[in-house]
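Heads up: the sequence shown begins at 1 in the UniProt record's numbering, then just goes up one per residue.
The beta-carbon is built from N, C-alpha and C at its ideal position, and this holds for glycine as well.
Only one structure is covered here, and it is reproduced in the block below.
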Amino acid sequence: MARPTIADLAKEANVGISTVDRVINGRHPVRPKTAEMVLEAAERIGFHGLTAIKRRIEADKPVIKFGFLLKQQHRKLYQMWSELLTKSVEAFPHAHGRAIVRFMDDLSPDKAAAAIHDLSREADVIGMITSDHPQVNHAVADLAADGIPVVTMISDLSAPERAGFVGNDCAKKGRTAAWFIAHLNARPGEVAVFVGSHRYLAQELCEMGFRSYFRETAPKFQMLETLATMEEPETAYQFTKQLLASQERWVGLYVAGGGVTGVMRALQEDRGPAAQRLVVVAHELTNETRAGLAEGLLKVVLSHPARQLTETLVRAMGDAAMNKGEPSGMTQNVLPFDIYTAANI
Numbered sequence: 001m002a003r004p005t006i007a008d009l010a011k012e013a014n015v016g017i018s019t020v021d022r023v024i025n026g027r028h029p030v031r032p033k034t035a036e037m038v039l040e041a042a043e044r045i046g047f048h049g050l051t052a053i054k055r056r057i058e059a060d061k062p063v064i065k066f067g068f069l070l071k072q073q074h075r076k077l078y079q080m081w082s083e084l085l086t087k088s089v090e091a092f093p094h095a096h097g098r099a100i101v102r103f104m105d106d107l108s109p110d111k112a113a114a115a116i117h118d119l120s121r122e123a124d125v126i127g128m129i130t131s132d133h134p135q136v137n138h139a140v141a142d143l144a145a146d147g148i149p150v151v152t153m154i155s156d157l158s159a160p161e162r163a164g165f166v167g168n169d170c171a172k173k174g175r176t177a178a179w180f181i182a183h184l185n186a187r188p189g190e191v192a193v194f195v196g197s198h199r200y201l202a203q204e205l206c207e208m209g210f211r212s213y214f215r216e217t218a219p220k221f222q223m224l225e226t227l228a229t230m231e232e233p234e235t236a237y238q239f240t241k242q243l244l245a246s247q248e249r250w251v252g253l254y255v256a257g258g259g260v261t262g263v264m265r266a267l268q269e270d271r272g273p274a275a276q277r278l279v280v281v282a283h284e285l286t287n288e289t290r291a292g293l294a295e296g297l298l299k300v301v302l303s304h305p306a307r308q309l310t311e312t313l314v315r316a317m318g319d320a321a322m323n324k325g326e327p328s329g330m331t332q333n334v335l336p337f338d339i340y341t342a343a344n345i
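Here it is in structure tokens:
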């Protein structure tokens, strides 16, 4: 049987013979995705120059510095995101990637804007989670003007200059939290929402979906005023203690932002009837929330698919970095959220 020729490879890859020649010999640059198509076709047909193609693709890969701006370093959730993002960068097939992770302990908008500018001096593209604020959006516009794309993670921004978003449908997420609280309670009562900050668009949309479900579907439940924990467990702990002491008909809590460990600590300390009947829905499956489900402190956790999110984010960032100067709109990657209970952790 005759060995496959360059013409055979071009036909299998659905590209021109000249493109295959460029991939093999490196005379002119070829888009990474096109080169990968040629490589995959070569593997399928058993092309004899497979090793040469692999070497050429590896040598021609661009170097991309992926910058990530995350929230408080002391929170295990963001340590988890840091580890997964770094692994996803290392596995990114179309470039030699380097992950640069920075954390913000001070979440104020001016500090966030300064952190964005600082990171832009080291990174080719930035992925971040931060609050939506004019100072932050102005920083994103500055970076876009300098050719540094920004892709938002988990919580979007209103800056039109951002290159993309990767996260959940948060209104649907909030309605799902409300569905569980409404159906896990034998009788209606008062329900509350904790957000980390009123400036996070994701949390605002979660709250909107949560409230709209009760307004439309379960009107016998009464909504309490939304409380902002500022992402601090101690603040969430104090809020939970106060509501347990003051709201006799409190039956449901949706923790749409940070502070769930504070909520769990308050419930561990107070084993009274109010604490026992409280249905708590929280976000993100971590070691802490997994333990909360196992102990019955939490009833449901709605979680981003962690590995899928980080891989999708890195891919979106890599595409944005490699397509600089080419017209492309803002890309949205809306991922499904996972639902966890004590029965499936």
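By the neighbour-count criterion, in which 16 or more other beta carbons inside 10 Å mark a residue as buried, H283 falls on the buried side. The C-alpha of K33 lies about 29 Å from the C-alpha of F337. Q268 sits in a helix when the DSSP states are folded into three classes. Judged by beta-carbon spacing, R307 lies within the 8 Å limit of L84, meaning their Cβ atoms are closer than that value. In the DSSP assignment, the residues bridged to Q332 are F165. Scanning its chain for C-beta atoms nearer than 6 Å, with the 5 sequence neighbours on each side dropped, one finds around P62 the residues A95, in chain order.
The straight-line gap separating the alpha-carbon atoms of P273 and A228 is approximately 25 Å.
Of all C-beta pairs linking the region 258 to 272 to the region 208 to 216, fewer than three are shorter than 8 Å, placing the two stretches out of contact. By the neighbour-count criterion, in which 16 or more other beta carbons inside 10 Å mark a residue as buried, A115 falls on the buried side. Contact between the region 257 to 267 and the region 229 to 243 is present: three or more C-beta pairs spanning the two stretches fall below 8 Å. With 16 or more other CB atoms across the displayed protein chains lying within 10 angstroms of its CB, T240 is buried. When C-alpha distances from Y254 are compared across A236, A316 and Q268, the shortest belongs to A236. Contact between E161 and A144 is confirmed by a C-beta separation of about 4 Å, below the 8 Å threshold. Cβ contact annotation for K172 (same chain, cutoff 7 Å, sequence separation greater than five): G209, in chain order. Take F165, set aside five residues on each side of it, and the residues of its chain with a beta-carbon closer than 6 Å to its own are T152, D156 and Q332, in chain order. Per the DSSP secondary-structure output, G252 pairs in a beta bridge with V191 and V279.
With a threshold of 16 other beta carbon atoms within 10 Å, V15 meets it and is buried. Taking the Cα of I154 as reference, the smallest distance to any Cα among S88, C170 and L293 is reached at C170. The alpha-carbon separation between H183 and L205 amounts to approximately 21 Å.
Of the residues assessed, P149 falls on the buried side of the cut-off, its CB having 16 or more other CB atoms within 10 angstroms. Taken in chain order, the whole beta strand (DSSP E) runs of length 3 or more contained in the UniProt domain "HTH lacI-type" (4 to 48) number zero. Within the same chain, Cβ atoms closer than 8 Å to the Cβ of M330 are found at P160, R162, A163, G164 and F165, the five residues on either side in sequence being excluded. Ranking A2, R3 and F47 by CA distance to the CA of I24 puts F47 first. In the displayed model, G67 falls within a strand according to three-state DSSP. For T86, same chain residues with a beta-carbon under 6 Å away, outside a window of 5 residues either side, are A99 in chain order. Annotation for L297: M264 and L267 place their beta carbon closer than 6 Å to its own, counting only its chain and skipping 5 residues before and after. When the beta-carbon positions are compared, A321 and V125 come within less than 8 Å of each other. The C-beta of Q276 has fewer than 16 other C-beta atoms within 10 Å across all chains shown, which makes the residue exposed.
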